Structure formats: structure tokens, C-alpha cells
């Protein structure tokens, strides 16, 4: 009986030591895992609009809780991204616009892969249930506007985003055999002439805030991106979407892409790529980013919406938007706005002088003070 108690005590102590050892091993494994996660967490960079920051932070925290995340705003993103890269600071994954890719590649191009995650397209949004549009190209649109000044408004002062909205319009100024870029100085010279002439004869076509005017139904139509779809759906008023009017050269839609640039091929990056492309992530995020998803299952679901069907079809038929260095484009917008403020541009400035403003920023900065 005594031996039996001794044996039971030995077995109890062994079991206790064994349990404590198991608990200790599990704790060590958890600590090692946490240290590993901290030391090798994903480096994720995203380019976003400031208005998307709160929703994007919540989204990223849900799907990538261990990631080190850096956010860049569109107006300063390219300079900040390239500065980090020149300092040999690289992310595992960068989400940004496809037009930035060529400029990033000038500093670092050894990417593992690049893939579009979302599409960005422009379309003509029109109030009401309109099965047909009375104009199909920019020449017809300009004639139509002369008698229907409430149809659509041009900005009094342009932004870079608005300039992209009218890519087909800018391509309409010259045949492609003369100029391959809608933002060339020659194209913008003709654009200035056209806009200043329209503004002088039809001032009602120009407004300080075309988006606000459209949302108040002061205008019937506007050219905009997918974010306009999300706004109009909330208003629960009928609207129709059409492709942007064609140029006389047959150029119609342009598309951009929000791309994932993957800098390496390790397991964490591969897992991130899978999540970013997944149905669940894109369903949670496409309206946050105001872009159209590339996930095929989700696209098929959205295609049932007649408005989204048009937008998705545009992504299939569009050509890629031009890559233009943001600072250079901003300078061109400044020149465009400078001449649109002048009431006598066509009389006071000849072609050579206007081209001088576009081609020489020092000249522009000096001469605008004297004009």
C-alpha cells in the first residue's frame, strides 16, 4: 500500500512537470512567433486620397494587422516614394497608380511583379433615364452645347484631375500624326484657343465648381470617375452613364489602374498578393478606393447592375491613359489656367508666345507678372 502511494506521487509529479513543460514550450513558441512577426512584418505602402484615409486604415488593419503601413497622398506621392527608394528604403508591396510606374522604375525596376488591382475609367454621367445620347463625338458635343448650355460645364480653372477627365477632348485638338500626347504644348495651344473662344462667346458653359453644379442639377451631365457612381447611388435619383464622346480621330475612353507593385517573392508578399486579389478584400474595398475591381467573381456580380455594366465595359475597350510626370502636368495646368483668366488671350498672345509659356517655366514665372 505504501509503495502504491509512492508510485502515485511520482507519477503525479511527473505529470505536473510535464504539464508545466508543455505550457512553457507553448509560451516560448508564441514569444518566438511574435518576435518573428515584429522583425519580419510586411512593409506596405499605399497611395490614397486624404478623404479615404480613415476607411483605408480600418480596412488595412482588418486584413494586414501585422503590416508596417505608410500612406502617401496623390499630390505628393511620387516625390516621396522615389525619395525613399533612393535612400534604399523599399516596401514589400506598393499600391499606386499605373502612370507612376515608369517614373518609379527610373530609380528601381527590379520588381518581382506588377499587376492591376482596380480600374479607373472616365464616363459621361447624365441625370435621368436616358436610353440614348444625342452626341457621340466631341465635335457634335461642342455644336450641341452652343444651343444647350445647361448640358455640361467646363471648369473656369482646371485641376490635374479635371484635365484627365477630358483626355479624349484634348486628343481632339490635333491628329495623332502631329502630336502623340494630349498634353503636348502644341495640343494645349489649340485647347487654349478653343476654350478661350468658347468662354468669350458662351460664358454660361464655364463654372467655378462644375461638380457642385452637376450635383445640384444645374447641369445635365458631367465627365467623372467611378467615385461619381458611388455618390449618385446614395442620392437615389435616376441617372445614366455613357462612354465619353469620341474624338474625331476615334479616340474614346482612357483607363488607369491602381496597381500592386511587388518587390519580392517571399511567403508574406505572396500571401498579401492573394489577399489583395481576393473576392472578399476587393468586395470590402472597391467603394472605399472608388475604383472598379479586377476580381472576376466580383466583377461578374457587379455586372448585373446596368450602370456598372457600362463602366466595366469601358474598362475592356479603353486604351491606357498617358503617363505624365505630376509636376510637369501641374505646370501645364498652371499655364492653361493663366490664359483662361485673360479676357483677350487670342488677341494679345500669338502662338509663339503661348508655346514659350508652356516650354519654359522660368519664362512663364517671369512673364506672368507682366501680363
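Residue numbers (the numbering used here): 471 to 841.
The beta carbon of each residue, even a glycine, is placed where N, CA and C say it ideally should be.
These numbers were taken from a predicted model, which means no experiment stands behind them.
Cα-Cα separation between residue i and residue j, rounded to whole angstroms
i	j	result
residue 430	residue 726	Given that the chain is displayed from residue 471 to residue 841, the structure contains no residue 430 and the question cannot be resolved.
residue 440	residue 808	The displayed coordinates of the chain run from 471 to 841. Any statement about residue 440 would go beyond what the structure contains.
residue 500	residue 516	Reliability fails at residue 500, whose pLDDT of 44 lies under 50, so the model's placement of it is uncertain and the value that follows must be treated cautiously. Approximately 30 Å, taken between the alpha carbons.
residue 791	residue 637	8 Å
residue 786	residue 570	21 Å
residue 698	residue 741	32 Å
residue 627	residue 658	14 Å
residue 580	residue 673	51 Å
residue 527	residue 696	21 Å
residue 669	residue 765	44 Å
residue 810	residue 677	12 Å
residue 700	residue 760	7 Å
residue 686	residue 552	41 Å
residue 768	residue 751	10 Å
residue 514	residue 539	5 Å
residue 777	residue 684	18 Å
residue 545	residue 602	37 Å
residue 621	residue 805	27 Å
residue 703	residue 772	14 Å
residue 675	residue 753	38 Å
residue 757	residue 775	15 Å
residue 800	residue 631	10 Å
Assigned exposure category for residue i - 16 Cβ within 10 Å defines buried
i	result
residue 556	exposed
residue 829	exposed
residue 520	exposed
residue 755	buried
residue 723	buried
residue 735	exposed
residue 652	buried
residue 590	buried
residue 820	exposed
residue 537	buried
residue 583	exposed
residue 523	exposed
residue 737	exposed
residue 588	buried
residue 798	exposed
residue 543	exposed
residue 802	buried
residue 593	buried
Residue(s) in a DSSP beta bridge with residue i
i	result
residue 585	730
residue 750	Looking at the DSSP assignment, residue 750 forms no beta bridge with any residue, so it has no partner.
residue 513	538
residue 607	716
residue 590	726
residue 597	709
residue 670	For residue 670, which the question treats as bridged, DSSP gives no partner whatsoever.
residue 653	According to DSSP, residue 653 bridges with nothing at all.
residue 624	676
* **Validate contact between the stretch 609-622 and the stretch 740-756 using beta carbons, cut 8 Å, 3 pairs** => no
* Taking three-plus beta-carbon pairs below 8 Å as touching, is the stretch 592-611 in contact with the stretch 709-720? -> yes
* Touching by the beta-carbon criterion (3+ pairs, under 8 Å), the stretch 630-643 and the stretch 659-678 -> Touching, yes.
* To do: Determine, using beta-carbon pairs with one atom in the stretch 726-738 and one in the stretch 560-568, whether at least three such pairs fall under 8 Å.
  => yes
* **Inter-stretch contact (C-beta, 8 Å, three-pair minimum) for the stretch 695-714 and the stretch 589-604** => yes
* **Length-filtered (4 minimum) alpha helix (DSSP H) runs lying within the stretch 679-727** => 680-685, 696-705
* **Whole alpha helix (DSSP H) elements within the stretch 515-584, 4-residue minimum** => 523-533, 547-556, 571-575
* Complete runs of the alpha helix (DSSP H) confined to the stretch 739-826 [at least 4 residues] -> The stretch 739-826 contains these whole alpha helix (DSSP H) runs: 749-759, 766-772, 776-787, 796-811, 815-818.
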